[in-house]
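Chemist: The sequence shown stops at residue 276 when you use numbering that gives the first Met the number 0, and every number in between is there. Glycine included, each C-beta is placed from N, C-alpha and C at the ideal position. Keep in mind it's a predicted model, so treat the numbers as computed, not measured. Next up is a structure, given as structure tokens.
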Amino acid sequence: MMTEREQLEESVAYLSEIFGTQVADIALILGSGLGQFGEELSETIAIPYKEIPYFPVSTAPGHTGKLLTGDLGGRHIICMQGRFHHYEGYSMQTIAYPIKVLKLLGVKYLILTNAAGCLNEKWQPGDLMVISDHIKLQAESPLTGQQQDGLLGPRFFDMSNAYDAELRKYAREIASRQHIAIKEGVYQYFTGPNFETPAEIRAARLLGADAVGMSTVPEAITAAYLGLRTLGLSCLTNMGAGMTKKAIDGNDVLETSMKVKDTFTAYMKQLVTEWPR
0 MMTEREQLEE SVAYLSEIFG TQVADIALIL GSGLGQFGEE LSETIAIPYK
50 EIPYFPVSTA PGHTGKLLTG DLGGRHIICM QGRFHHYEGY SMQTIAYPIK
100 VLKLLGVKYL ILTNAAGCLN EKWQPGDLMV ISDHIKLQAE SPLTGQQQDG
150 LLGPRFFDMS NAYDAELRKY AREIASRQHI AIKEGVYQYF TGPNFETPAE
200 IRAARLLGAD AVGMSTVPEA ITAAYLGLRT LGLSCLTNMG AGMTKKAIDG
250 NDVLETSMKV KDTFTAYMKQ LVTEWPR
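Next comes the structure, spelled out in structure tokens:
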């Protein structure tokens, strides 16, 4: 049986042969309904996940399932159009695998985006939120398992700046210039695929969460382990269960994402184009 090290080497060799020598130092993971941003790239190379050795395949609605590389405003970047979730049946370790591949491809910065439920009564669906921190109460970590002799990172690692403070400040500055009243808050992770109960939402609010979702946190933990500087952005698509009389519908989540796609795309274009060098 191949070790993870051997699998990673094969994945990276396959992608490096296609991508060539040009290195992308920024990678974006595009969440539910937000994949359109990838269409903004020029000189694009697109590879379906199913063609990449040992890569998982996206099965969630709104996740195209392609790895893109191309140029945007003079910056060479990688985009994952779609991600992987624990509720799809993937282990936490499998969710971590693509982040490790990105690191070995030369990525230094990771931008994580998602669609999330809003818990802050002062905000509303359609708002964008910079993630300042997260809450994860599930026991399993994407780094659980035998350590591979420091292949990519240390056994124990700090999480106090998992969502890079300087990048958060930069993200707020770009939003201000575009006259976007961006929010900043704490994201709480639930595994799904069911939406949270009203009692769980009340508990999350008491813990200090401003948004909830079913992704991002396993990737952020892996990024911290790898030493990647990470920025997290949420598109708030609905109010949490019990905060309104309306039942939560997955179609509404995608519909709200589509309504803000132009604002999100314009914001992300400027964010990446002016990204600190």
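Just list the residues that DSSP pairs D132 with in beta bridges.
Modeler: Translated into positions along the sequence shown, residue 132 becomes position 133. Answer is V185.
Chemist: Is it right to say A246 is buried, meaning 16 or more other beta carbons lie within 10 angstroms of its own, or is it exposed?
Modeler: As a position in the sequence shown, residue 246 is number 247, starting the count at 1. The residue is exposed, with fewer than 16 neighbouring Cβ atoms inside 10 Å.
Chemist: Who are the near neighbours of D24 in its chain, counting only those whose CB is closer than 7 Å to its CB and skipping five residues on each side?
Modeler: Residue 24 sits at position 25 when you count from the first residue of the sequence shown. Cβ within range, chain order: G105, V106, K107 and Y108.
Chemist: With DSSP as the reference, label S319 as helix, strand or coil.
Modeler: Here the chain covers residues 0 to 276 and nothing more, so residue 319 does not appear.
Chemist: Please specify which runs of the alpha helix (DSSP H), each continuous and at least 4 residues long, are wholly inside the region 198 to 226, giving them in chain order.
Modeler: 216 to 225
Chemist: Can you find at least 3 beta carbon pairs, one from the region 114 to 125 and one from the region 230 to 250, that sit closer than 8 Å?
Modeler: yes
Chemist: Would L136 and Q80 be called neighbours here (beta carbons separated by less than 9 Å)?
Modeler: Numbered from 1 along the sequence shown, position 137 holds the residue referred to as residue 136. Numbered from 1 along the sequence shown, position 81 holds the residue referred to as residue 80. No, the Cβ-Cβ distance between L136 and Q80 is not below 9 Å.
Chemist: What residue from I51, A161 and A138 has the CA that sits closest to T221's CA?
Modeler: Counted from its first residue, the sequence shown places residue 221 at position 222. The candidate whose alpha carbon is nearest that of T221 is A161.
Chemist: Hey, out of H84, Y53, L66 and S131, whose CA is closest to M0's CA?
Modeler: Counted from its first residue, the sequence shown places residue 0 at position 1. For the residues H84, Y53, L66 and S131, the minimum Cα distance to M0 belongs to Y53.
Chemist: Excluding the 5 residues preceding and the 5 following L213 in the sequence, name in chain order all residues of the same chain whose CB lies nearer than 8 Å to its CB.
Modeler: Position 214 of the sequence shown, counted from the first residue, corresponds to residue 213. Note on residue identity: the sequence assigns Met, not Leu, to residue 213. These residues qualify, in order along the chain: H84, H85, Y86, Y188, F189, T190, G191 and P192.
Chemist: DSSP state of I17, grouped into three classes?
Modeler: Numbered from 1 along the sequence shown, position 18 holds the residue referred to as residue 17. Here I17 sits in helix by DSSP.
Chemist: Restricting to Cα atoms, I'd like to know which of Q123, L66 and K121 is closest to L101.
Modeler: Counting from 1 along the sequence shown, the entry for residue 101 is found at position 102. Nearest option by C-alpha distance: L66.
Chemist: For the beta strand (DSSP E) containing L235, list its first residue and its last residue.
Modeler: Within the sequence shown, residue 235 is the residue found at index 236, counting from 1. Run containing L235: R228 to M238, per the beta strand (DSSP E) assignment.
Chemist: If we ignore side chains and look at the alpha-carbon of each, how far apart do R167 and T272 end up?
Modeler: Here residue 167 corresponds to residue number 168 of the sequence shown, with the count starting at 1. Here residue 272 corresponds to residue number 273 of the sequence shown, with the count starting at 1. R167 and T272: Cα-Cα distance of roughly 16 Å.
Chemist: DSSP state of Y96, grouped into three classes?
Modeler: As a working note, residue 96 is residue 97 in the sequence shown. Y96 falls in the helix class under three-state DSSP.
Chemist: Suppose you measure from the CA of Q6 to the CA of K49; what does that come to, to the nearest Å?
Modeler: Translated into positions along the sequence shown, residue 6 becomes position 7. Translated into positions along the sequence shown, residue 49 becomes position 50. Per the coordinates, the alpha-carbon of Q6 lies some 15 Å from the alpha-carbon of K49.
Chemist: Would you mind sorting F156 into buried or exposed? The rule is 16 or more other CB atoms within 10 Å of its CB.
Modeler: Within the sequence shown, the letter at position 157 stands for residue 156. F156 should be labelled exposed.
Chemist: Determine the contact status of L127 and K182, defining contact as a CB-CB distance below 9 Å.
Modeler: By 1-based counting over the sequence shown, the position of residue 127 is 128. By 1-based counting over the sequence shown, the position of residue 182 is 183. Closer than 9 Å, so yes.
Chemist: By the three-class DSSP mapping on this structure, what secondary structure does G105 have?
Modeler: Mapped onto the sequence shown, residue 105 falls at position 106. Correct three-state label for G105: coil.
Chemist: With DSSP collapsed to three states, give me the class of L67.
Modeler: Looking up residue 67 in the sequence shown gives position 68. In this structure, L67 counts as strand in the three-state DSSP scheme.
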